Structures are given as structure tokens and as C-alpha cells.
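> Got a structure here, written out as C-alpha cells. Questions coming.
There are 2 protein chains.
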Amino acid sequence: MSFVAVDWGTSSLRGALIDDAGRVLDERHAPRGILGVPAGGFPAVFDELFGDWMAPADRRCLISGMAGSRQGWIEAPYCPCPADAAALAARVISVVPGRIALVPGLTDSHDDVPDVMRGEEVQIFGAMHLTGVTDGVFVLPGTHNKWVQVRGSRVLGFRTFMTGEFYALLAQHSILSRTVDPAAPLDAEAFAQGVARSAHGGGLLHNAFGARTLGLFERMSPAQLASYLSGLLIGEELHTQPLDAHAEVVLIGAPALTTRYALALEGLRITPRVLGAEATWAGAHALHTALQGTDAAYP
Amino acid sequence: MSFVAVDWGTSSLRGALIDDAGRVLDERHAPRGILGVPAGGFPAVFDELFGDWMAPADRRCLISGMAGSRQGWIEAPYCPCPADAAALAARVISVVPGRIALVPGLTDSHDDVPDVMRGEEVQIFGAMHLTGVTDGVFVLPGTHNKWVQVRGSRVLGFRTFMTGEFYALLAQHSILSRTVDPAAPLDAEAFAQGVARSAHGGGLLHNAFGARTLGLFERMSPAQLASYLSGLLIGEELHTQPLDAHAEVVLIGAPALTTRYALALEGLRITPRVLGAEATWAGAHALHTALQGTDAAYP
Numbered sequence: 005m006s007f008v009a010v011d012w013g014t015s016s017l018r019g020a021l022i023d024d025a026g027r028v029l030d031e032r033h034a035p036r037g038i039l040g041v042p043a044g045g046f047p048a049v050f051d052e053l054f055g056d057w058m059a060p061a062d063r064r065c066l067i068s069g070m071a072g073s074r075q076g077w078i079e080a081p082y083c084p085c086p087a088d089a090a091a092l093a094a095r096v097i098s099v100v101p102g103r104i105a106l107v108p109g110l111t112d113s114h115d116d117v118p119d120v121m122r123g124e125e126v127q128i129f130g131a132m133h134l135t136g137v138t139d140g141v142f143v144l145p146g147t148h149n150k151w152v153q154v155r156g157s158r159v160l161g162f163r164t165f166m167t168g169e170f171y172a173l174l175a176q177h178s179i180l181s182r183t184v185d186p187a188a189p190l191d192a193e194a195f196a197q198g199v200a201r202s203a204h205g206g207g208l209l210h211n212a213f214g215a216r217t218l219g220l221f222e223r224m225s226p227a228q229l230a231s232y233l234s235g236l237l238i239g240e241e242l243h244t245q246p247l248d249a250h251a252e253v254v255l256i257g258a259p260a261l262t263t264r265y266a267l268a269l270e271g272l273r274i275t276p277r278v279l280g281a282e283a284t285w286a287g288a289h290a291l292h293t294a295l296q297g298t299d300a301a302y303p
Numbered sequence: 005m006s007f008v009a010v011d012w013g014t015s016s017l018r019g020a021l022i023d024d025a026g027r028v029l030d031e032r033h034a035p036r037g038i039l040g041v042p043a044g045g046f047p048a049v050f051d052e053l054f055g056d057w058m059a060p061a062d063r064r065c066l067i068s069g070m071a072g073s074r075q076g077w078i079e080a081p082y083c084p085c086p087a088d089a090a091a092l093a094a095r096v097i098s099v100v101p102g103r104i105a106l107v108p109g110l111t112d113s114h115d116d117v118p119d120v121m122r123g124e125e126v127q128i129f130g131a132m133h134l135t136g137v138t139d140g141v142f143v144l145p146g147t148h149n150k151w152v153q154v155r156g157s158r159v160l161g162f163r164t165f166m167t168g169e170f171y172a173l174l175a176q177h178s179i180l181s182r183t184v185d186p187a188a189p190l191d192a193e194a195f196a197q198g199v200a201r202s203a204h205g206g207g208l209l210h211n212a213f214g215a216r217t218l219g220l221f222e223r224m225s226p227a228q229l230a231s232y233l234s235g236l237l238i239g240e241e242l243h244t245q246p247l248d249a250h251a252e253v254v255l256i257g258a259p260a261l262t263t264r265y266a267l268a269l270e271g272l273r274i275t276p277r278v279l280g281a282e283a284t285w286a287g288a289h290a291l292h293t294a295l296q297g298t299d300a301a302y303p
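Protein sequence lines correspond, in order, to chains A and B.
Whatever position you read off the first sequence (first residue = 1), add 4 for this note's numbering.
Whatever position you read off the second sequence (first residue = 1), add 4 for this note's numbering.
See below:
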């Protein structure tokens, strides 16, 4: 029996109809993130988008992402780290009993400051399944990037980095917006210069100003500066990570982002494995299968 | 003979009528930064604001700040570091010969990336004059903070940090804006927690996300989070500086900012000297006096 998987984010969502063997039969995207759903409007939006897929009375759906946040459909309390797939499955909560269930996010803590993810946990377990990597660093670039430590198929812990959001803020709203062209394609050389600069210890608050002066002195074009700034930020992120050349690194995300991280990791002589949306569906399938196998079936 | 000093910034300007002995006789502020002056409009705006002060035919005026930038009245090429007051005076350029002159900014370079300041150089030389400190670190907090190394009355070099701009971007335009109240007064304890957290090495891109989760878990109020975020940023800036407890530190700026830097420096057992706008007028007076003494008088 096939099932429906939905990754319901802040600004958009993706859904897939997946068969028993984990094959994706159909896929849908919609700009209906949780911020665009009015209070109490989740059942109607869900029905509008996936009503046809849910027509069979025994069709089930597993939702992950921000739909489980306080501003979402139903709040699914975070599952604490360390956590394996079984721990996550045990905390899946019911939206429509026996039919629609919500995957909780994960939480971790550093120096008594909490950290959270919602949705990425499904991708991580999916990526373990697809790659067979059960010990390594899983990196999920995005607005709020996640660096995840995995040992023995368990998520030991993770850190969030606001890299994607900082890039957007700096390129669009800061003084740098006057000299940076964020629509320009990746310039690998300028990107590498940014990554290298971030290793020199001046810190991001200082280095970012260099993206202003290099424009002011016409040493880089607006197109180059976009890649340079991206390199500064991704480099900054990399230099705070405990990575060595033997680290097994798995990148999960959109190619436009994973390409950049792969380039930056090259400088550390690390060749990552790279996955995209398939990690989400593989993770949902693994969780769905685990839930089917429990006595309670879907909660 | 008294003279007019103007510190003409990006979004506003300040002017003072200063007598031979350096006493400020009158002071004016106006929201007429260079971004608000139409092309070719500088003479008219200057006349409107300072025409009465300039009425005596031999009254002179020294302008510093962004009025000397490419978008300003006339571009004054930067003076390279190291530079002392005499080097700066030698590069003052003429706007109206013998009457109105422009102070150039300073430029420095790190790893072949240029750095620049315009206006702060006058405050630095003024602060040396007022405090007698000729060796130390001069810190000028603001949108783009300057950390300046001074040895033997010379500006050896400096670094710019976009701390003020990052704070505004994060508090007003990022996801943190939902849980941070930037209008709240300083909460010294939350600020100190932010400074302490920045020393733990996670990096700003990670630590900033803590200002989100501490709100999400209701561990800090929006008012506390504003100070915490400020502490994270100022702490990040401090930890990239080569400072020790013997460093002579001079803070120059608005009390709302210098108070925060003094608090953060306290954690390093450094008690800074603190100056405000008086540094600008003292620096302008010193430069004006130096220019009067040259053969060329004002350029």
C-alpha cells in the first residue's frame, strides 16, 4: 500500500506519493508554507493539495517539517538527541488517528542554549539509508543550515548556522547590497577567495566589510562579490567545525547550495557524498515502514 | 579667529563653531546626510545650514566624513596608514580655496583586502589630544565600528567591523525580529550572557540562532534577547582583537554604545577611557590649527 509523505516548511511544501518499496510515484510542490495558512486552515489546505491521493480509506500520510511547530497544524514536541530512527518513530504524533501523523523535530543543547530542527531529521535518516553512512557529519545547507554528528546510526547532536539567512540579509538589506549582485551565477574563483579569507581570523563582522571595500576599490565586480560573500559565510561556518580529512561528510540539499559546500570542503581535502530531495522521501519511507510494523500502527 | 567644523555623515551631519582655543561656541545637528543631498546640491545645503556662521569673509570651515566620499561633495582620496596628524593635514583638499577644506579618510589593508574610514580619523586625533594617550587601541562603535591601533601618536592601522549594521539587520529583518525587542533598554545580565556565549567558539552564525531558540523555549524575554544579541555581536568583535589587560583602550562614541563596550571590556579586566562628540571637535581644532600654521594656510 503506497503512502503520502509531506515536507511542510515555512514558506512552501513538497509532497510525494510513495509505494511500499520506497519508489516515488508522484511528486507535488506548492507555495503553501505554514506562514501562508490561516489559523485553523490546515485541514482545508491539506485536503485541497492531497485530497485525491488520500481518497483510498486506508491511505496514510506522514508529515514532517514546520507543520509540527507551534505555528503549524499541531505542535509535535521535539525529540531530544541523541536519537535513532526508532526513538523518532516512537514520538510521531497523531493528527488524524490512524491516517495522518506528524514527525517531531529534534532538539539538542550547547552550553545550555537549545538548538532545534524540524524536517531535517527525516532527511538525515533517509540519507543514512541511501548512503549506508552510519558514522559521519551530515550537512544540510539552507536558510538555517544544520551540521549533524551521526554515530552508529544515531544523531548524537547538531548545530544550526544562520548562513543562508545572513547571506540574504547582507546581499539584500545591508550596505553590501549596493555592490553585490545576488542573481549572478557562482564564480568559483571569487568564492574560493572568500573561503580563504574567512580562515584568516578577522571574523565575519570584519571580513564582510571587505565585500564593501573590494567593490569600492573596483577590485571585484558585483557578480564576483556575490560569490566572495557566499565564500566568506560558508568558510566561516566550516572553520568552526571539528572536521578532518578522514571525516565522512554527507551533503543534503538543493544542488545550488551543495555545490558550494562541496567546493569549500575540497579545500579541506574532503569529498562529500551529495544527496537532494530523495533523502526526504527515503527517510519518510523508512519511518512509515517502522510505524506500520509497530503494534499501534499509525498513532 | 573661530572656525566651523562639520562632521558630514551618510544619514546626518553635525556642525560646530569653535574658537581659537578649541572651545565649542555653538553646535548644530541636521538630518542632511550625504544620501539626502541631490547631485550638485552640496553648496546650497552647506549655505542653508552654515551660511550665518560663514558670514565673516575670513571664516574657515573644515569638513570631515562621508562628504569626502565619491557620493559626497568632492572626493578626497584616502590617506594611507600608518599616518600621523601631519600626514592627514598634508592631504586635506580644497572645496572653496582658502575657505572650505575636506579632510580625507584613512585606508589600511589586511591580506590584500582594503579597509577604509571617513570621519573617525578626526575623532582619533582629537581623542589623543584630549586623553594624552599616544599608544593604545581606539575603538569607535557605530554602524561600522573601527578598531584602531595607535603607536607614538600615529595610526598604525585599523579594522572595520559591521557590528552595528549586523545588529540592525538581525533585530529588524531576520527571523530573530519576531522574538527580539530592539527598543528595550540594556539588560546588563542578558548582555553579559551574550558576551560569554560568544567566547565558546560556536561562531556568530551559530550563536545568533540561540537568540531564536532561547525565545522559542521562553528562556529569555524579547527585552532580554535584544541585550543578549547585542552581547553576542560585541563579544564576537572583542574575541577577534589582540587585547590584554594592559592594553590602553579609548572608546569614542555615543553613550548608548560605549556603555556596552565598556561592560564587555570589563570581562577582560580592561577599564577604557570614554569620549563622546568632544573628540570630533578637538580633532577638528587640532587639524585646523595645523593648517593655519602651514605656509599654504588652508588649501
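Every residue gets a Cβ at the ideal spot worked out from N, C-alpha and C, and that includes glycine.
Nothing here was measured: the structure is a model prediction, and the numbers come from that model.
Under 7 Å between beta-carbons, which chain A residues line up against VAL184 (chain B)? List them in chain order, please.
None at all; the shortest Cβ gap to chain A is about 13 Å.
> Taking only the alpha-carbon atoms, compute the straight-line gap between ALA131 (chain A) and MET5 (chain A) and give it to the nearest angstrom.
Roughly 23 Å between the two C-alpha positions.
> Quick one: measure Cβ to Cβ for HIS204 (chain A) and ASP115 (chain B), integer angstroms, because I've assumed they're closer than 8 Å.
About 5 Å; that satisfies the 8 Å criterion.
> With a threshold of 8 Å (Cβ to nearest heavy atom), would MET70 (chain B) be considered close to the ligand PLP?
As for the ligand PLP, it is missing from this structure, which has no ligand bound.
> For TRP12 (chain B), write down the residues that DSSP places opposite it in a beta bridge.
TRP12 (chain B) is bridged to B:LEU17 and B:GLY69.
> For the stretch 137-181 of chain A, list the alpha helix (DSSP H) runs that are entirely contained and at least 4 residues long, ordered along the chain.
Listed in chain order, the complete alpha helix (DSSP H) runs (minimum 4 residues) inside the stretch 137-181 of chain A are 167-177.
> Given that a residue counts as buried once 16 or more other Cβ atoms are within 10 Å of its Cβ, and exposed if not, what is ARG264 (chain A)?
It is buried - the Cβ of ARG264 (chain A) has at least 16 other Cβ atoms within 10 Å.
> At the 9 Å Cβ level, is ALA212 (chain A) part of the contact set with chain B, yes or no?
Judged by the 9 Å Cβ criterion, ALA212 (chain A) is in contact with chain B.
> Pull up the distance between the alpha-carbon of LEU144 (chain A) and that of GLY257 (chain A), whole angstroms please.
Rounded to the nearest angstrom, the two C-alpha atoms are 6 Å apart.
> Taking beta-carbon pairs under 8 Å, can you tell me which members of the stretch 163-194 of chain B lie near chain A?
Result list: ARG163, THR164, PHE165, MET166, THR167, GLU169, PHE170, LEU173, LEU174, HIS177, SER178 and ILE179.
> Mind listing the chain A neighbours of PHE221 (chain B)? Cutoff is C-beta to C-beta under 7 Å, in chain order.
Correct list: PRO118.
> So, for PRO226 (chain B): in the same chain, excluding its five sequence neighbours on each side, which residues have a beta-carbon less than 8 Å away from its beta-carbon?
THR183, VAL184, ASP185, ALA188 and GLY219, listed in sequence order.
> Per the contact definition of three or more C-beta pairs closer than 8 Å, is the stretch 279-289 of chain A in contact with the stretch 22-39 of chain B?
Verdict: no, contact absent.
> What's the gap between the Cα of ARG273 (chain B) and the Cα of ALA215 (chain B)?
Roughly 26 Å between the two C-alpha positions.
> Any C-beta of chain B sitting closer than 9 Å to the C-beta of LEU209 (chain A)?
With 9 Å as the cut-off, LEU209 (chain A) counts as an interface residue toward chain B.
> Using Cβ-Cβ distances below 7 Å, what residues of the stretch 255-281 of chain B are close to chain A?
Listed by position along the chain: nothing, the set is empty.
> In angstroms with no decimal places, state the Cα-to-Cα distance between GLN245 (chain B) and LEU160 (chain B).
Cα to Cα, GLN245 (chain B) sits roughly 15 Å from LEU160 (chain B).
> Who are HIS33 (chain A)'s beta bridge partners in DSSP?
HIS33 (chain A) is bridged to A:ARG18.
> Just to confirm before moving on: does the CB-CB distance between GLY146 (chain A) and PHE195 (chain A) stay below 9 Å?
Contact: no.
> Going by alpha carbons, who is nearest to PHE213 (chain A) out of B:GLN176, B:GLY207, B:PHE221 and B:GLU169?
Selected option, being the one with the closest Cα: B:GLU169.
> Use the C-beta contact count for ASP191 (chain A): other C-beta atoms within 10 angstroms, 16 or more gives buried, fewer gives exposed.
Buried, because 16 or more other Cβ atoms sit within 10 Å of the Cβ of ASP191 (chain A).
> Under a three-way DSSP split, which group does PRO108 (chain B) fall into?
Note: PRO108 (chain B) maps to coil in three-state DSSP.
> I need the straight-line Cα distance from MET70 (chain A) to PRO118 (chain A), nearest angstrom please.
Those two C-alpha atoms are separated by around 17 Å.
> Would you check if the stretch 100-109 of chain B and the stretch 68-83 of chain B touch, i.e. whether three or more CB-CB distances between them fall below 8 Å?
Segments in contact, yes.
> With 16 other CB atoms within 10 Å as the buried threshold, where does ARG74 (chain B) fall?
The residue is exposed, with fewer than 16 neighbouring Cβ atoms inside 10 Å.
> Give the interface partners of GLY206 (chain A) over in chain B, defined as CB-CB distance under 7 Å, in chain order.
Within 7 Å Cβ-Cβ: HIS114, ARG163 and THR244.
> Given a cut-off of 9 Å, decide if ALA266 (chain B) and ALA254 (chain B) are closer than it, judged by their beta-carbon atoms.
It should be noted that the sequence gives Val, not Ala, for residue 254 (chain B). No, the pair does not count as a contact, with Cβ atoms beyond the cut-off.
> Taking all protein chains shown into account, decide if ALA25 (chain B) is buried (16 or more other Cβ within 10 angstroms of its Cβ) or exposed.
Its Cβ having fewer than 16 others within 10 Å, ALA25 (chain B) is exposed.
> Quick one: list the residues of chain A neighbouring LEU218 (chain B), beta-carbon separation under 9 Å, in chain order.
What LEU218 (chain B) touches in chain A: VAL117 and PRO118.
> Is GLU241 (chain A) close to chain B, meaning its C-beta is less than 9 Å from at least one C-beta of that chain?
Yes, GLU241 (chain A) lies at the interface with chain B (some Cβ there is under 9 Å from its Cβ).
> For the putative contact between GLY123 (chain B) and ASP11 (chain B), defined by C-beta atoms under 8 Å, what is the C-beta separation to the nearest angstrom?
About 6 Å; that satisfies the 8 Å criterion.
> Expressed to the nearest angstrom, what Euclidean distance is found between the alpha-carbon atoms of ALA175 (chain A) and TYR82 (chain B)?
In a straight line, the C-alpha of ALA175 (chain A) is about 26 Å away from that of TYR82 (chain B).
> Could you name the residues that DSSP lists as bridge partners for ARG277 (chain B)?
In DSSP, ARG277 (chain B) forms a bridge with B:VAL254.
> Residues in its own chain within less than 6 Å of ALA292 (chain B) by CB, not counting five upstream and five downstream?
The sequence shown places His at residue 292 (chain B), rather than the Ala named in the question. Answer for HIS292 (chain B): PHE7 and LEU66, listed in chain order.
> Just to make sure I have the definition right: I need the residues of chain A whose C-beta is within less than 7 Å of the C-beta of ARG201 (chain B). Which are they?
The contacting residues are ASP115 and VAL117.
> Under the DSSP definition of a beta bridge, which residues are partnered with ALA87 (chain B)?
DSSP lists B:VAL159 as partners of ALA87 (chain B).
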